[in-house]
Structure formats: structure tokens, C-alpha cells
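Participant: Residue numbers (this note's numbering): 324 to 475. We put the beta carbon where it would ideally sit given N, CA and C, even for glycine. Pasting a structure below so you can have a look.
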């Protein structure tokens with residue numbers, strides 16, 4: 324499957340995921356006071372994971388930024404994304420793993436089906452970003468494996 328088709332699939336699945344998040348909030352199964360809006364919480368996690376993956380090899384390519392922007396309706400340049408990572412990269416590295424794993428556990432406790440949909444979204448966006456880069460480095464492969472392992 325080509326990367327543009329994967330991008331369209333991701334965007335469709337992300338919209339469906341957001342609908343599921345809204346439904347759980349309406350049923351009061353998600354504590355908005357404690358965690359904020361459910362869709363924002365998990366979209367932020369997805370974007371954080373992808374920014375870490377993009378920066379894992381120490382370089383950020385135009386294609387990686389293009390697909391980050393296309394999938395999350397952002398408008399970063401390589402320079403801007405590099406600046407974002409430099410300013411918060413250490414925080415992403417330090418506390419993000421724990422927050423991400425807690426978010427997965429929380430999702431599973433709220434709704435197993437939506438947790439599976441989130442897992443599919445993660446697998447899909449990881450594939451898109453990996454394929455958008457001309458070369459997958461060992462650092463990127465390790466970051467991808469770490470994320471996928473935490474989904475088990």
C-alpha cells in the first residue's frame with residue numbers, strides 16, 4: 324500500500340476514534356476533569372510518539388515533517404519541529420513512556436474496543452512515518468519497537 328493511501332486510512336480511522344472518544348465522554352466513562360478531553364489526550368500522545376520517532380536518529384527530514392503535518396493537520400517546518408524537539412525532547416524522553424503506558428492502561432479500563440482502535444492508529448502512523456523516511460536507522464527501529472512492545 325502506498326504512503327498516501329495509508330495517510331487517508333489513518334485520517335479516517337482517527338476520525339472514527341474521535342467519535343468513540345466523544346461517545347465515552349457522553350456516557351461519563353472518561354473523567355474530563357482529571358484528564359481533559361479524551362480525543363485531545365490521545366491525539367497529543369500520538370503526536371508525541373511520532374515526534375520522538377522522527378527525532379530518534381538525530382535528524383528530521385522534510386518527508387517526515389510533511390507526513391506529520393498531513394496526518395495531524397499541523398504546519399511545521401523542519402526547523403520549527405527541530406526547535407520543538409530541542410525545547411521539549413528531554414521531557415518527551417523522561418516522562419512520556421510512563422504517561423503513554425498509563426494512557427494505554429486507562430484506555431483499556433474504559434473501553435477495550437477503543438483501545439484496540441488506538442493500537443491500530445499507532446501501528447498505522449508508525450508505518451507511515453517509517454516509510455516516509457528514506458532510511459530507517461537502528462535508533463528509529465528501536466523507538467518503533469519500544470512503542471509497539473508497550474501496546475502488548
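1. Run the CB neighbour count on residue 378, radius 10 Å, all protein chains shown included, and call it buried at 16 or more, exposed below.
2. With contact counted as at least three CB pairs below 8 Å, one residue from each stretch, are the region 341-356 and the region 324-332 in contact?
3. Give the single residue among 393, 473, 461 whose Cα lies nearest to the Cα of residue 382.
4. Please tell me whether residue 426 and residue 356 are closer than 8 Å, where the distance is taken between their beta carbons.
5. As a quick exercise: from 470, 392, 434, 436, pick the residue whose alpha carbon is nearest that of residue 334.
6. Counting along the chain, where does the alpha helix (DSSP H) carrying residue 434 start and finish?
7. In chain order, which continuous runs of the alpha helix (DSSP H) of length 4 or greater are located wholly inside the region 346-377?
8. Is it right to say residue 388 is buried, meaning 16 or more other beta carbons lie within 10 angstroms of its own, or is it exposed?
9. Is it buried or exposed, residue 354, if we count other Cβ atoms within 10 angstroms and call 16 or more buried?
10. Could you give the residue range of the alpha helix (DSSP H) that holds residue 390?
11. Quick check: residue 447 and residue 336, are their CB atoms within less than 8 Å of each other?
12. Looking only at its own chain, which residues have a Cβ that is under 6 Å from the Cβ of residue 405, when we skip the five neighbours before and after it?
13. Measure the alpha-carbon distance for residue 403 versus residue 411 and round it to whole angstroms.
14. Do residue 453 and residue 467 have their C-beta atoms closer together than 8 Å?
15. Any idea what DSSP makes of residue 381, helix, strand or coil?
16. Below 7 Å CB to CB, which residues in the same chain sit around residue 398 once its five sequence neighbours on both sides are set aside?
Facilitator: For this structure:
1. buried
2. no
3. 461
4. no
5. 392
6. Looking at the DSSP string, residue 434 is not in any alpha helix (DSSP H), and its letter there is neither H nor E.
7. 355-358
8. buried
9. exposed
10. 385-395
11. yes
12. Cβ neighbours of residue 405 beyond the five flanking positions: 383.
13. Approximately 12 Å, taken between the alpha carbons.
14. yes
15. coil
16. Take residue 398, set aside five residues on each side of it, and the residues of its chain with a beta-carbon closer than 7 Å to its own are 392, in chain order.
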